[in-house]
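Protein chains in written order, with my numbering: chain A, 178 to 416; chain B, 39 to 198.
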């Protein structure tokens with residue numbers, strides 16, 4: 178794999194985890210119950226851990242002296258390459274679960290593929306990550322069933338959450354990493370869980386793309402102002 | 039020191055590190071947990087449990103300090119991700135220490151069991167009549183369970 182292709186590949190994978198990890202951290206202390214608070218914080222932590230490895234690798238390949246911290250805190254919004262799905266606001270708990278459900282099921286399939294790919298540095302991180310992501314996908318899928326098959330209120334919220342996130346799905350399968358091939362297995366997983374939850378597939382929407390090229394929704398800029406505040410106010414600060 | 043000098047460098051390092059507790063679960067050492075992988079020449083190879091585990095940095099610092107105290111400052115520490123850590127690497131002794139500490143140890147053969155619903159054995163009363171409260175617990179490596187017989191909550195090491 179050419180070095181530049183590999184750099185962008187690692188960057189995309191790192192940015193997905195970094196941004197969703199940051200999003201999930203917003204729930205810390207606010208989740209509907211303690212167990213969920215722990216779960217969302219743990220999932221966020223796993224994603225940040227994986228992102229650190231991917232971004233360190235990207236920095237190593239780039240050889241410009243940037244490590245994961247430099248890439249996370251010293252880039253502006255146009256330089257981020259995460260998919261649009263992960264930067265979407267948490268909304269209510271059902272909307273957060275919808276995002277996690279769609280993303281983790283995709284990410285698990287992607288990491289399984291990366292774990293088996295020939296590039297040893299990427300596959301080492303992928304093999305490690307896939308074990309963690311399996312828990313995330315299961316957690317989110319269980320909550321889709323619980324909310325979808327729960328009360329009228331929880332069901333309505335689950336439907337609204339999936340509806341909000343659905344337009345960002347196509348982008349997951351529209352990148353340069355071979356992800357289109359994952360679509361049929363992903364569809365099968367999603368359909369299986371939605372059927373169990375008594376929910377229908379959201380109505381088709383025109384997919385919104387752009388995150389992989391740096392064209393983000395306004396939400397990412399707001400997220401970065403919070404995440405990067407310290408390094409923007411005190412550039413290079415360490416402790 | 040005559041006994042230790044007769045040991046190979048590898049044995050000596052493992053002996054030193056068997057005294058270094060995990061910062062989050064101090065009843066077990068970093069060797070019990072299978073974090074310490076091997077000694078290659080002058081390099082010690084360790085592996086993280088979970089990618090985001092905050093204890094990883096503390097563990098490396100503690101290992102460094104223990105090696106320095108033993109006069110092994112020239113041993114370099116290297117971190118590897120591959121093959122990925124699994125709870126199958128936790129020693130039998132480590133499993134017993136976990137149980138005695140109140141944490142249900144993971145099943146062996148974790149790869150086959152990781153997400154299957156197998157009842158945890160209550161570390162307090164030994165009952166299998168237990169339930170999972172939360173798949174995510176106080177550290178990345180543990181899940182929260184409850185015993186339906188003795189009613190005590192307990193942590194279970196996730197099969198990973």
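Cβ atoms here follow ideal geometry from the backbone N, Cα and C, with glycine treated the same way.
Beta carbon of residue i nearer than 9 Å to that of residue j
i, j, result
"residue 306 of chain A", "residue 294 of chain A", "no"
"residue 303 of chain A", "residue 348 of chain A", "no"
"residue 94 of chain B", "residue 227 of chain A", "no"
"residue 216 of chain A", "residue 78 of chain B", "no"
"residue 272 of chain A", "residue 342 of chain A", "yes"
"residue 85 of chain B", "residue 125 of chain B", "no"
"residue 262 of chain A", "residue 287 of chain A", "no"
"residue 182 of chain B", "residue 319 of chain A", "no"
Residues that residue i contacts on chain B, provided the C-beta gap is smaller than 9 Å
i, result
"residue 225 of chain A", "89 and 90"
Interface partners of residue i on chain A, CB under 8 Å
i, result
"residue 119 of chain B", "230, 301, 302, 304 and 305"
Where residue i sits in the DSSP three-state scheme
i, result
"residue 183 of chain B", "strand"
"residue 81 of chain B", "strand"
"residue 171 of chain B", "strand"
"residue 414 of chain A", "coil"
"residue 59 of chain B", "strand"
"residue 289 of chain A", "helix"
"residue 142 of chain B", "strand"
"residue 202 of chain A", "helix"
"residue 76 of chain B", "strand"
"residue 281 of chain A", "helix"
"residue 117 of chain B", "strand"
"residue 129 of chain B", "coil"
"residue 300 of chain A", "helix"
Cutoff 9 Å: residue i Cβ touching any chain A Cβ
i, result
"residue 162 of chain B", "no"
"residue 99 of chain B", "no"
"residue 86 of chain B", "yes"
"residue 61 of chain B", "no"
"residue 135 of chain B", "no"
"residue 196 of chain B", "yes"
Residue i beta carbon near the ligand COA (any heavy atom closer than 8 Å)
i, result
"residue 235 of chain A", "Inclusion of the ligand COA in the displayed structure is not the case, the ligand content being empty and no account of it being possible."
Partner residues on chain A for residue i, Cβ-Cβ distance less than 9 Å
i, result
"residue 143 of chain B", "What residue 143 of chain B touches in chain A: nothing, since even the nearest Cβ is about 18 Å away."
Minimum Cβ-Cβ distance from residue i to chain B less than 9 Å
i, result
"residue 274 of chain A", "no"
"residue 263 of chain A", "no"
"residue 316 of chain A", "yes"
"residue 181 of chain A", "no"
"residue 322 of chain A", "no"
"residue 312 of chain A", "yes"
"residue 349 of chain A", "no"
"residue 367 of chain A", "no"
Cross-chain neighbours of residue i in chain A, by beta carbon under 7 Å
i, result
"residue 122 of chain B", "304, 305 and 308"
Listed by chain order, chain B residues near residue i by CB distance under 8 Å
i, result
"residue 212 of chain A", "171, 172, 174 and 182"
"residue 215 of chain A", "172, 174, 175, 176 and 182"
- [ ] Could you please tell me which residues of the segment 170-183 of chain B, in chain order, have their CB closer than 8 Å to any CB of chain A?
- [x] Of all residues in the segment 170-183 of chain B, the ones placed with a Cβ closer than 8 Å to any Cβ belonging to chain A are 171, 172, 173, 174, 175, 176, 178 and 182, in chain order.
Task: the segment 194-209 of chain A: positions lying closer than 7 Å to chain B by Cβ - done: When CB distances to chain B are screened at a threshold of 7 Å, not a single residue of the segment 194-209 of chain A falls below it.
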